[in-house]
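Using my numbering, the letters of the sequence shown map in sequence onto residues -15 to 331.
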Amino acid sequence: MKALVKTKPEAGLSLMNCPNPKPASSEVVVRVKATSLCGTDAHIYNWDEWASHRLQLPRIIGHEMCGEIVEAGSDVSSVKVGDFVAAESHLTCGTCFQCRTCQAHVCKNYRILGIDFDGSYAEYVALPERLLWKTNPAIPPEYACLQEPLGNAVDAALVEDVTGHTLLVNGCGPTGLFAIAISRISGASQILATDISEYRLNLARQLGADQVFNAKTLSPDDIGKAVLDMTGGDGVDAALEMSGHPDALHLAFRTVKNGGRVTLFGIPTGQVCFDLPNEIIFKGIRVDGVTGRRLFSTWYRLAGLFKAGLNIRPVVTHTISMNDFAKGFELVNSGQCGKVVMFPGGT
Ligand code: ZN
């Protein structure tokens, strides 16, 4: 089969022929129909500091996927050949404190598809049965492959109720865009969004943001004042920080109302200094760190949101064949895209 492999400790990936995977008794082999490019994959593609410490090579990367089961191991019972599936990317240990107390999303020993074992940037991938998520075949592959990153957005947006609430979303990359769409359909009253890319702010409008602010042309002070003006001077009920930029982090704490919540998902590159008394303690706010997805409650919740009419189509701005992977990563690095989806079997 053809696969994209990280072979050397340097930027780039190699498109090469690899042996087809064989399923262990508790695994299936899936023919990958669509697999999307994630920020994590870009870190690996660019071979930054984090990637160089995290990966052992060679590795077929990719972890956002969907496809059809073509072979099943002897112990597999919940799915069968021909089923359309997506996959949770975190393989949890099942025995640590977190796994045994309904917090498997922060398992101490989890292994990740496309990082710790071979991933979905390939024509075929072997997957443990317990990672599989049976998916409605009516959902086109270019959207079905996005359920894994959508789960992050479900967790970030809905860690608390948003119905009738005002929200600020800082950072309109794919997860921020998903969070806007999810908040909208969940009944948020007003959604404000910031980013430094006009391209992404346009997508934010399409997904339901009421007002967008370009943080490249407006100062944090200007945006902060505008957000307070638009919320009757109180600030927003919830701020979702999806960018990791220090200015955006402080903006979130500054514009959330007393007693509100700040949800942190974007990852800063270094340490960030806070004025704890004024930004957090005296405001009496709640701060949530969100990593991965609640297993598997966010998957069930997302299936319900799709049934309710969640529309994430505008987020998929580019579809490419696997041969064009370099073009795909150029797009992700440039920020001039929503989600880029690859078809390993060709477009
Ligand atoms: Zn565990």
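In this text, a Cβ means the ideal position worked out from N, Cα and C, and glycines have one as well.
Taking the alpha-carbon of residue i as reference, which of the options has the nearest alpha-carbon?
{"i": "I45", "options": "L279, V60, S20 and T178", "result": "S20"}
{"i": "F249", "options": "V138, Q174 and E48", "result": "V138"}
{"i": "H37", "options": "Y183, E(-6) and L75", "result": "E(-6)"}
{"i": "D231", "options": "T253, H89 and D213", "result": "T253"}
{"i": "K383", "options": "V299, V274 and E132", "result": "What the structure shows of the chain is the stretch from -15 to 331, and residue 383 is not part of that stretch, so it cannot be assessed."}
{"i": "S170", "options": "K(-8), L294, Q82 and G98", "result": "L294"}
{"i": "L279", "options": "H74, P42 and P204", "result": "H74"}
{"i": "L389", "options": "T24, F197 and C50", "result": "Since the first residue shown for the chain is -15 and the last is 331, residue 389 is missing from the structure and cannot be characterised."}
{"i": "Q195", "options": "L(-3), S167, L233 and M214", "result": "M214"}
{"i": "K(-10)", "options": "L41, D32, K64 and R114", "result": "L41"}
{"i": "T201", "options": "G216, D218 and S181", "result": "S181"}
{"i": "S9", "options": "H27, H47, T76 and R114", "result": "R114"}
Which residues does DSSP pair with residue i in a beta bridge?
{"i": "N295", "result": "Bridge partners of N295: none, in fact."}
{"i": "K311", "result": "Paired residue(s): none; K311 is not in a bridge."}
{"i": "K323", "result": "V300"}
{"i": "R270", "result": "R245"}
{"i": "L(-12)", "result": "L(-1)"}
{"i": "S305", "result": "F327"}
{"i": "V240", "result": "V220"}
Would the beta-carbon of residue i be found less than 7 Å away from any heavy atom of the ligand ZN?
{"i": "G276", "result": "no"}
{"i": "C86", "result": "no"}
{"i": "Q174", "result": "no"}
{"i": "K64", "result": "no"}
{"i": "G78", "result": "yes"}
{"i": "Q131", "result": "no"}
{"i": "C83", "result": "yes"}
{"i": "C50", "result": "no"}
{"i": "K6", "result": "no"}
{"i": "K92", "result": "yes"}
Report yes if the CB atom of residue i is closer than 8 Å to the CB atom of residue j, and no otherwise.
{"i": "V220", "j": "T239", "result": "yes"}
{"i": "A236", "j": "N136", "result": "no"}
{"i": "F327", "j": "I123", "result": "no"}
{"i": "V16", "j": "A128", "result": "no"}
{"i": "V146", "j": "A222", "result": "yes"}
{"i": "T247", "j": "A140", "result": "yes"}
{"i": "L152", "j": "V211", "result": "yes"}
{"i": "I53", "j": "V14", "result": "yes"}
{"i": "L187", "j": "I296", "result": "no"}
{"i": "C156", "j": "L185", "result": "yes"}
**Message:** Runs of 3 residues minimum, wholly inside the stretch 164 to 236: which ones carry the beta strand (DSSP E) assignment?
**Reply:** The stretch 164 to 236 contains, as complete beta strand (DSSP E) runs of 3+ residues, the segments 174 to 179, 195 to 198 and 220 to 225 (chain order).
**Prompt:** Which runs of the beta strand (DSSP E) spanning at least 3 residues fall entirely within the stretch -1 to 85, listed in chain order?
**Reply:** As far as the stretch -1 to 85 is concerned, its whole beta strand (DSSP E) runs of at least 3 residues are 11 to 20, 48 to 56 and 68 to 71.
**Message:** I'd like the ranges of any beta strand (DSSP E) spanning at least 3 consecutive residues and lying wholly in the stretch 81 to 159.
**Reply:** 108 to 112, 116 to 118 and 150 to 154
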